[in-house]
Amino acid sequence: MIRIASPNFGPRHDGLRPELVVLHYTAMESCEAACRVLCDPEREVSAHYLISEAGEVTQLVDEEMRAWHAGAGEWGGRGDVNSRSIGIEMSNTGFTPYTARQMDALEDLLAGILIRWDIPPEGVIGHSDMAPGRKIDPGPRFDWQRLSRQGLSVWPTENPVEGHDPSWFREFADTFGYPTNIPDDLLLSTFRLRFRPGMTGPIDARDMQMIQDLAKRFGVDRRDPNP
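Numbering (our numbering), first residue to last: 7 to 233.
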């Protein structure tokens, strides 16, 4: 692991500790360019880690500190995601597959983070999950199922659903952790970006199967111990 210290960080607020890992892509043409931005004090943006296409991991901010990667948004009804999370940037334009070496490095990095901070697999989310409509990373080319197979994130089991009205989709999505104050169509497209990339049209039975399973198995406690 390489260490390049970014000046863009501060203390976590109100005694908060990491309970999430937020995955991003850099949306830049090179990892070197992304690193310069993440270390530029005038840009006021950073992440704890940056992973290159070759699988090289650079630590920019200590895990104990608050990096500036998430911005406005929430997960599980809790804001200030920067204070509640560790941010990982992956060098990718958003239009190409993630490399095998990059995914291998991410898996190794995640495994250690989850152990160190006692974060469950459902605590590994995308930037798009907590900032719907504002962000779409890590995007439709990211392999969430691969992480799930390694116990480093979650994927739904598609059990049959009988008689569930599509209007229940929002309730299940709320239980899983998605923000509640967004339009129905944005909520659905945000869910599909991660779990059914490329799918369009109205809510169908598979959407309902997937979100119900996620809510039942991985629903969050929205009571905030640090309101």
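Glycine is no exception: its CB is placed at the ideal position from the N, C-alpha and C atoms.
Contact defined as beta carbons within less than 8 angstroms: I believe Pro-146 pairs with Pro-185. What is the distance between those atoms, to the nearest angstrom?
At roughly 20 angstroms, the Cβ-Cβ gap does not stay under 8 angstroms, so Pro-146 and Pro-185 are not in contact.
Identify, in the order they occur along the chain, each residue of the same chain with its Cβ nearer than 7 angstroms to the Cβ of Ala-179, setting aside the five sequence neighbours on each side.
Leu-193, Phe-197 and Ile-217
Tell me which residues share the same chain as Asp-235 and place their Cβ nearer than 7 angstroms to its Cβ, disregarding the 5 neighbours each side in the sequence.
Given a span of 7 to 233 for the chain in the structure shown, any question on residue 235 remains unanswerable.
Report the option in Gly-139, Met-214, Asp-114 and Met-34 whose CA atom is closest to the CA atom of Pro-162.
Met-214
Same chain, Cβ closer than 6 angstroms to Ser-154, neighbours up to 5 away in sequence not counted
Val-160 and Trp-161
Hey, could you find the ends of the beta strand (DSSP E) His-30 is sitting in?
26-31
Have a look at Met-34 and Asn-98 and give me their C-alpha separation to the nearest angstrom.
7 angstroms
Return the residue from the list Glu-48, Ile-57 and Glu-59 that minimises the CA-CA distance to Trp-74.
Glu-48
Taking buried to mean at least 16 other C-beta atoms within 10 Å of its own C-beta, is Arg-42 buried or exposed?
exposed
Select from Met-7, Asp-191 and Gly-183 the residue whose C-alpha is nearest the C-alpha of Pro-172.
Asp-191
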